[in-house]
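Report on one structure; see the data block that follows.
Here's what the structure looks like:
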């Protein structure tokens, strides 16, 4: 947030098939990588408090999770 740079959500679909839990070697499969549109942080407004920053961080987190989940093929946990 300090730089104001947009966040680019990246989704991986099929990664769990490629490397299953508790396995050492990857399994042959395909992984699809999807880049979602950038999510820009809101410009600092008239409230430069830590509380305003915290709410913006939560908004960015939720927006990124939603964008990633849309393409990952797995539910949000």
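Numbering (our numbering), first residue to last: 54 to 130.
The beta-carbon is built from N, C-alpha and C at its ideal position, and this holds for glycine as well.
{"Query": "Alpha carbon of residue 79 to alpha carbon of residue 71, nearest angstrom", "Result": "5 Å"}
{"Query": "Within 8 Å, strictly: CB atoms of residue 85 and residue 67", "Result": "yes"}
{"Query": "Residue ranges of each beta strand (DSSP E) within the region 80-116, 3 or longer", "Result": "85-88"}
{"Query": "For residue 73, the three-state DSSP class (helix, strand or coil)", "Result": "coil"}
{"Query": "Supposed contact pair residue 77 and residue 116 - C-beta distance, whole angstroms, cut 8 Å", "Result": "With 8 Å as the limit, residue 116 and residue 77 do not qualify as a contact, their Cβ atoms being about 35 Å apart."}
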